[in-house]
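Residue numbers (the UniProt record's numbering): 1 to 280. Everything on this sheet refers to the single structure shown next.
Below is the structure:
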């Protein structure tokens, strides 16, 4: 049982009972068209097919596989077996290294209800929690089969989770520092926050939008990213995180060690994916 701050206790047994519901869209007819808009937009970023590169690699999710890079970057490189992109797969080797192959009795929390990281965690960890954010609903409750959480105000107890993971989430958090602090709070000593965000080679992280409590105010050109649930251009971005200060930014909330890990899974990705690895 994990106790929630200010709300009723939520049974991990109930999470197991709703696991199958969490992993499936409530209505395929509602989700699929939005998902297709994201796929079409993604393919629009690809190079001409004659420039596509193929390479062998060891997929952390499904083993030895062929990867295709439709553009030379981790995000645009996918395993042809499980179809996961390397950006999403890149957290898994870091999690494996952190845990040393020992997953029994550990609790993992993934800040999304989809993705290759979540699939791998559910195969290996005894208990895995996943969530989405529904701003019009009470935190800590189930909404259409999904646990509602805001990383800026998590409802889990202090020192209750062993691992927190996320892919491409913190750029969409209005107060990312508060989010890192909340992750630190809920992690047990020796636990880790392992995540990826788009990183820019700029001197300092730049805020590109903020919330005034009623609406989102953009500083300059509005920027939206795609999401599985909302579709193309459905997720506003608040930050351009700097390659040069992201570790210090995360460490500022009290993590004992923070570093960037370069992850290369297939040679055709050309450049490594950088994963932020923070230990409490």
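Even glycine gets a Cβ: it sits at the ideal position worked out from N, Cα and C. As the structure is a prediction and not an experimental result, all values here were calculated from the model.
Contacting residues, own chain, Cβ-Cβ under 7 Å from residue i (five flanking each side not counted)
i           : result
residue 137 : 143, 148
residue 104 : 126
residue 201 : 243
residue 93  : 60, 263
residue 22  : With a pLDDT of 41 at residue 22, under the threshold of 50, the predicted position of this residue should be treated as unreliable, though the coordinate-derived value follows. Excluding positions up to five away in sequence, the list reads 113, 130, 145, 146.
residue 185 : 158
residue 181 : 253
Cβ neighbour criterion (16 or more within 10 Å) applied to residue i
i           : result
residue 363 : Outside the displayed range of the chain (1 to 280) lies residue 363, so it cannot be described from this structure.
residue 269 : buried
residue 76  : buried
residue 221 : exposed
residue 292 : Examination of residue 292 is not possible in this model, given that the chain is present from 1 through 280 alone.
residue 248 : exposed
residue 274 : buried
residue 255 : buried
residue 74  : buried
residue 215 : exposed
residue 191 : buried
residue 112 : buried
residue 179 : buried
residue 252 : exposed
Which of helix, strand or coil DSSP assigns to residue i
i           : result
residue 240 : strand
residue 140 : coil
residue 175 : coil
residue 80  : coil
residue 133 : coil
residue 111 : coil
residue 103 : coil
residue 96  : helix
residue 86  : helix
residue 246 : helix
residue 273 : strand
residue 260 : strand
residue 251 : helix
residue 71  : coil
residue 53  : strand
residue 127 : strand
residue 215 : coil
residue 61  : coil
Rounded separation between residue i and residue j - CA only
i           : j           : result
residue 140 : residue 155 : 6 Å
residue 96  : residue 261 : 13 Å
residue 263 : residue 218 : 32 Å
residue 177 : residue 56  : 38 Å
residue 280 : residue 158 : 12 Å
residue 211 : residue 223 : 14 Å
residue 250 : residue 130 : 22 Å
residue 277 : residue 43  : 30 Å
residue 246 : residue 51  : 33 Å
residue 175 : residue 169 : 12 Å
residue 162 : residue 266 : 29 Å
residue 146 : residue 128 : 13 Å
residue 258 : residue 213 : 31 Å
residue 119 : residue 208 : 32 Å
residue 91  : residue 196 : 8 Å
residue 28  : residue 133 : In this prediction, residue 28 has a pLDDT of 45, which is less than 50 and means its spatial position is unreliable; what the coordinates show is noted afterwards. Cα to Cα, the separation comes out at about 19 Å.
residue 49  : residue 198 : 25 Å
residue 122 : residue 152 : 24 Å
residue 187 : residue 150 : 16 Å
residue 86  : residue 204 : 26 Å
Own chain partners of residue i with C-beta closer than 6 Å, once the 5 adjacent residues on each side are dropped
i           : result
residue 164 : 109, 183, 193
residue 116 : 61, 84, 88, 89
residue 272 : 262, 263, 264
residue 53  : 69, 268
residue 206 : 240
Same chain, Cβ closer than 8 Å to residue i, five either side skipped, listed in chain order
i           : result
residue 172 : 225, 235, 236, 237, 238
residue 189 : 159, 280
residue 65  : 56, 57, 58, 59, 79, 80, 81, 82
residue 99  : 106, 163
CB contact below 7 Å: residue i versus chain B
i           : result
residue 209 : The structure shown has no chain B; it contains just one protein chain.
Heavy atom of the ligand ZN within 6 Å of residue i beta-carbon
i           : result
residue 223 : Within the structure as shown, the ligand ZN is missing, as the structure has no ligands at all.
Just to confirm the assignment: which complete alpha helix (DSSP H) runs, minimum length 4, are found wholly within the UniProt domain "Methyltransferase type 11" (145 to 195)? 176 to 186
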